[in-house]
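Sequence order for the protein chains is A and B. Heads up: the first sequence begins at 163 in the working numbering, then just goes up one per residue. Heads up: the second sequence begins at 163 in the working numbering, then just goes up one per residue. For each residue, glycine too, the CB sits at the ideal point set by N, CA and C.
Protein chains: 2
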Amino acid sequence: MRVIFNEEMKSIADNLEHMAQDVHTAIYNAGYALANNDLEAAQKVIEGDAQTDELEATIIDQCVKLLARQNPVATDLRIVVSTMRLATTFKRMGDLSKHIAQSVRRTYPQSPVPQDAQKLFANMVSFVQQTADRMVHMLADRDADIAKEIIEKDDVLDNLHKQVFDYVYSDEFNGTKQQLINVVLLGRFFERIGDHAVSAARRVLFIVSGFNPSLTPTRDEGTDID
Amino acid sequence: MRVIFNEEMKSIADNLEHMAQDVHTAIYNAGYALANNDLEAAQKVIEGDAQTDELEATIIDQCVKLLARQNPVATDLRIVVSTMRLATTFKRMGDLSKHIAQSVRRTYPQSPVPQDAQKLFANMVSFVQQTADRMVHMLADRDADIAKEIIEKDDVLDNLHKQVFDYVYSDEFNGTKQQLINVVLLGRFFERIGDHAVSAARRVLFIVSGFNPSLTPTRDEGTDID
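Have a look at this one:
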């Protein structure tokens, strides 16, 4: 039984890593598309999203079958349940990357955001790309320290998201209505990617330590505007 | 074993119905708060959200324990896994109701949306309140017909969401920057409540029929702006 469990779990874990890699690629390409107003990169994200959705369905299906056949308990069970929840979190991160890419495609050849917001979004892009790097490493190594880093650093993204609002409310903002809407929605998509990365990190911590940090009182997640 | 499974599952199902009721209340109060600019209703939603989050954690904990102790298979297993996923979907619907309530609180005593958008939002409020009614009945009766109705009717909400964008882009819109942002974000929160209701309906269909409609090709969910 143990050998079969390990083999089946290995196959599921491979699919989950594959999914994390796909989401990593989607986040990188969506960020690149926005920063460089690159339609081709945007298209890749939009077209690639179906595969991420399929992988989620496959992983959940595999987990349900494994639960039925192997009746895992204790840590094994925790891994299976957390894997299902991680797959759903990754799916949402893929969806949000697609939303960013769609925003680039919609306004192409113009950028969706005004010139003087480019720097702020470049910072958000760079932040979520680093988060995507961390996420892949965290998953591959079941690394609790990287998981904690993802949770702690999310403040930086929340602060950038706050800056987006400061910017659009300021007199400095002289973009069009369309650009204002794009800036607000894109800001939210980035912030949500960060929130989902925090969820993913908590699930990995739960696998590694059995301790569920989402059950402990923490600062309110996200900014009030969220 | 069977008796114990049924007893434990009954307790989890009661908690899930309790959660659906809480989300129903949150959606009603958030809608009422927005439609009537009612700070007290908004406060209720904001303060009540922690209980919904706690119920989600409790349900998932109960499901994990049930999986470990009872090793359910076939339909029973499908119910337990779907229950976990439903709890997470309901949690997100509660979060979105809180976002709507926070928007009301932030601009109080002013309404977050301009006078001439009130009608449009009243329609969205009324739609999600009906969806909340359907959701509670669907869950209580495991009713596949109501689930299908929720899925089919979501087009109406998508169309209202599209009207929000038509409205803000039109010359008719003469609100402030703040109001523009509120209208866009509130529109998205309502649309996401609808999307989550569709997910919940699919999970109930999966429980009832064993058929997973999310795996079949359907129209693209949500509008492109999403």
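Any chain A beta carbon closer than 9 Å to residue i
i, result
"R164/B", "no"
"F327/B", "yes"
"T187/B", "no"
"T250/B", "yes"
"Q291/B", "no"
Local conformation of residue i per DSSP, three classes
i, result
"T269/A", "helix"
"E169/A", "helix"
"E334/A", "coil"
"V275/B", "coil"
"I387/A", "Because I387/A sits at a pLDDT of 34, beneath the cut-off of 50, its placement in the model cannot be relied upon, and the point is left open."
"G372/A", "coil"
"N344/A", "helix"
"N233/B", "coil"
CB contact below 9 Å: residue i versus chain B
i, result
"V266/A", "no"
Start and end residues, alpha helix (DSSP H) containing residue i
i, result
"D305/B", "Run containing D305/B: none; DSSP gives neither H nor E here."
"D200/B", "That residue, D200/B, is in no alpha helix (DSSP H); it is neither H nor E in DSSP."
Report the residues of the region 212–232 of chain A with a CB closer than 7 Å to any CB of chain B, ordered along the chain. A219, V226, L229, A230
Given a limit of 9 Å on CB to CB distance, which residues of the region 329–343 of chain B reach chain A? V330, Y331, F335, K339, Q340, L342, I343
Which residues, taken in chain order from the region 234–248 of chain B, show a beta carbon closer than 9 Å to some beta carbon of chain A? Within the region 234–248 of chain B, the residues whose Cβ lies closer than 9 Å to some Cβ of chain A are P234, V235, A236, L239, R240, V242, V243, M246, R247, listed in chain order.
Report the residues of the region 346–372 of chain A with a CB closer than 9 Å to any CB of chain B, ordered along the chain. V346, L347, R350
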